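Comments concern the structure below.
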Amino acid sequence: MQIENYKCFSLTKKGNSKPEEFIKARFRRVDSVTKFFKLIHPEDLNLYISNLKDKFDEIVGDYRFNTDAFDWKIIREELEILPNFPDLEKLVFHYICKTIKLPDNYTSDQGEIELGYFDRIKALERTSYFLVKTLADTYGEKIGTEIYKQIVPFLLEEMRSRDTTEKPEDLKSVTILDSNKRSIESWCKSGLADFSFCIFDDYKVVYRFDSCLTPEALKEFNDPDIAYLSSCYIGDVPEFNEGRSINLRRTQTLHHAKFCDELYWNNHVHPDIEHPSLDFIENMGRDLKE
Numbered sequence: 286m287q288i289e290n291y292k293c294f295s296l297t298k299k300g301n302s303k304p305e306e307f308i309k310a311r312f313r314r315v316d317s318v319t320k321f322f323k324l325i326h327p328e329d330l331n332l333y334i335s336n337l338k339d340k341f342d343e344i345v346g347d348y349r350f351n352t353d354a355f356d357w358k359i360i361r362e363e364l365e366i367l368p369n370f371p372d373l374e375k376l377v378f379h380y381i382c383k384t385i386k387l388p389d390n391y392t393s394d395q396g397e398i399e400l401g402y403f404d405r406i407k408a409l410e411r412t413s414y415f416l417v418k419t420l421a422d423t424y425g426e427k428i429g430t431e432i433y434k435q436i437v438p439f440l441l442e443e444m445r446s447r448d449t450t451e452k453p454e455d456l457k458s459v460t461i462l463d464s465n466k467r468s469i470e471s472w473c474k475s476g477l478a479d480f481s482f483c484i485f486d487d488y489k490v491v492y493r494f495d496s497c498l499t500p501e502a503l504k505e506f507n508d509p510d511i512a513y514l515s516s517c518y519i520g521d522v523p524e525f526n527e528g529r530s531i532n533l534r535r536t537q538t539l540h541h542a543k544f545c546d547e548l549y550w551n552n553h554v555h556p557d558i559e560h561p562s563l564d565f566i567e568n569m570g571r572d573l574k575e
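What follows is the structure, encoded as structure tokens:
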């Protein structure tokens with residue numbers, strides 16, 4: 286076994302990114318959720334849109350960013366629902382620009398600029414949170430969250446349809462080693478988390494997250510159930526692992542517990558894998574020097 290600890294959690298790290306691509310990705314999520322909501326409750330689409338407008342309007346307040354700073358033809362690519370509701374579209378746009386602290390004089394032809402990773406996480410996770418929270422406010426928490434749970438399989442199906450990753454002929458050849466290395470580099474660069482991991486073999490690794498920017502971005506709402514549902518739940522449904530060589534399993538997250546556990550394994554090598562005990566996960570690496 287190989288066990289390592291990393292202290293990377295940071296609220297202040299920054300990195301270059303292209304705001305246009307980030308805005309486009311958030312628009313896609315709003316568009317997808319509203320699109321699949323329409324499949325389930327077409328009669329209530331206008332009500333949901335109206336309540337979303339109220340939610341974002343309250344948060345955006347008087348803030349406005351120059352809409353002419355971006356090419357809306359590019360931002361709206363592949364959108365089906367959101368452009369039909371320009372008031373909501375503009376409010377989501379202003380919310381994202383406000384949350385990522387986009388400089389007032391920025392225009393899309395400037396390309397990449399330096400932005401805070403935590404600000405980007407807040408814009409990402411809170412946009413999703415407001416989508417779910419508005420369902421809960423509209424229908425009551427029990428029915429509203431159930432509606433979102435019905436939407437999630439559609440979101441996963443759409444994600445798979447957009448995935449252009451080539452699958453290897455020998456699925457048993459896929460290891461967790463390369464992805465582990467890439468994850469460490471990415472998480473430490475962005476200040477995502479303090480974490481430890483244990484590699485059992487080339488096809489099985491478990492992580493413990495003691496802190497993470499995702500729950501940090503949502504904790505001020507003091508609403509762990511909706512926070513979990515809007516951020517991490519999608520990775521915990523059975524459909525998430527369909528068609529994947531490397532599977533994911535969690536038993537708890539930082540929304541409700543003092544640490545999050547994530548087990549990744551090649552299901553073609555370990556089809557009947559047992560989850561490590563929470564006691565093992567909680568204590569792994571504690572005796573290692575920082």
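In this note's numbering, each residue carries its 1-based index in the sequence shown increased by 285. C-beta atoms are modelled at their ideal positions from N, C-alpha and C, and glycine is treated no differently. Model, not experiment: these values are computed from the prediction.
Subject >> Simplified DSSP assignment, three categories, for Gln287 >> reply: The sequence position of residue 287 within the sequence shown is 2, counting from 1. Gln287: strand per DSSP, three-state reduction.
**OP:** Using a Cβ-Cβ cut-off of 7 angstroms, state whether Phe403 counts as contacting chain D.
**Re:** Of the protein chains in the structure, only one exists, and it is not chain D.
Original post:
Is it the case that the Cβ atoms of Ala512 and His540 are separated by a distance below 7 angstroms?
Top reply: Translated into positions along the sequence shown, residue 512 becomes position 227. Translated into positions along the sequence shown, residue 540 becomes position 255. In this structure, His540 lies closer than 7 angstroms to Ala512 by Cβ.
**OP:** Identify every run of the alpha helix (DSSP H) within the region 456 to 511, keeping only runs that are complete inside it and at least 4 residues long; order them along the chain.
**Re:** 462 to 475, 498 to 503
Original post:
For Ser302, which three-state DSSP category applies?
Top reply: Within the sequence shown, residue 302 is the residue found at index 17, counting from 1. If DSSP states are grouped into helix, strand and coil, Ser302 belongs with the strands.
Subject >> Segments of 4+ residues assigned as alpha helix (DSSP H) that fall wholly inside the region 327 to 403 >> reply: 330 to 345, 357 to 360, 371 to 384
Original post:
Along the chain, where does the alpha helix (DSSP H) that runs through Ile280 open and close?
Top reply: There is no way to answer for residue 280, as the model of the chain reaches only from 286 to 575.
Subject >> Spatial neighbours of Gly476 in its chain, beta-carbon cut-off 8 angstroms, leaving aside the 5 residues before and after >> reply: Within the sequence shown, residue 476 is the residue found at index 191, counting from 1. The answer, listed in chain order, is Cys293, Phe294, Ser295, Leu296, Thr297, Lys298, Tyr402, Phe403, Leu498.
Original post:
Between Leu387 and the rest of its own chain, which residues show a CB-CB distance below 7 angstroms, the 5 nearest in sequence each way excluded?
Top reply: Counting from 1 along the sequence shown, the entry for residue 387 is found at position 102. Cβ neighbours of Leu387 beyond the five flanking positions: Pro304, Phe350.
Original post:
Looking only at C-alpha atoms, which of Cys483, Ile558, Glu431, Phe307 sits nearest to His326?
Top reply: Your numbering for residue 326 matches position 41 in the sequence shown. Per the Cα distances, Glu431.
Original post:
Among the residues of its own chain, which have a CB less than 8 angstroms from the CB of Asn490, if the five just before and after it don't count?
Top reply: As a first step, residue 490 is located in the sequence shown; it is residue number 205 there, counting from the start. Note that residue 490 is Val in the sequence shown here, rather than Asn. Contacts found: Ile461, Asn465, Phe482, Cys483, Ile484, Leu548, Tyr549, Trp550.
Original post:
What distance in whole Å lies between the Cβ atoms of Thr319 and Ile366, which are believed to be in contact at a cut-off of 8 angstroms?
Top reply: The sequence position of residue 366 within the sequence shown is 81, counting from 1. The sequence position of residue 319 within the sequence shown is 34, counting from 1. Rounded, the Cβ-Cβ distance is 5 angstroms, consistent with contact.
Original post:
Just to confirm, are Lys383 and Tyr348 a CB contact at a threshold of 7 angstroms?
Top reply: Numbered from 1 along the sequence shown, position 98 holds the residue referred to as residue 383. Numbered from 1 along the sequence shown, position 63 holds the residue referred to as residue 348. The answer is yes: Cβ separation under 7 angstroms.
Original post:
Residues in its own chain within less than 6 angstroms of Glu374 by CB, not counting five upstream and five downstream?
Top reply: Position 89 of the sequence shown, counted from the start, is the residue given in the question as residue 374. So the qualifying residues of the chain are Leu367.
Subject >> Residue interval of the alpha helix (DSSP H) (run including Asn568) >> reply: Your numbering for residue 568 matches position 283 in the sequence shown. Here the alpha helix (DSSP H) through Asn568 covers 563 to 568.
Subject >> Sequence-distant residues of its chain with Cβ nearer than 7 angstroms to Glu397 (five each side left out) >> reply: For the purposes of this step, residue 397 is taken as residue 112 along the sequence shown, with counting starting at 1. The answer, listed in chain order, is Asn301, Ser302, Lys303.
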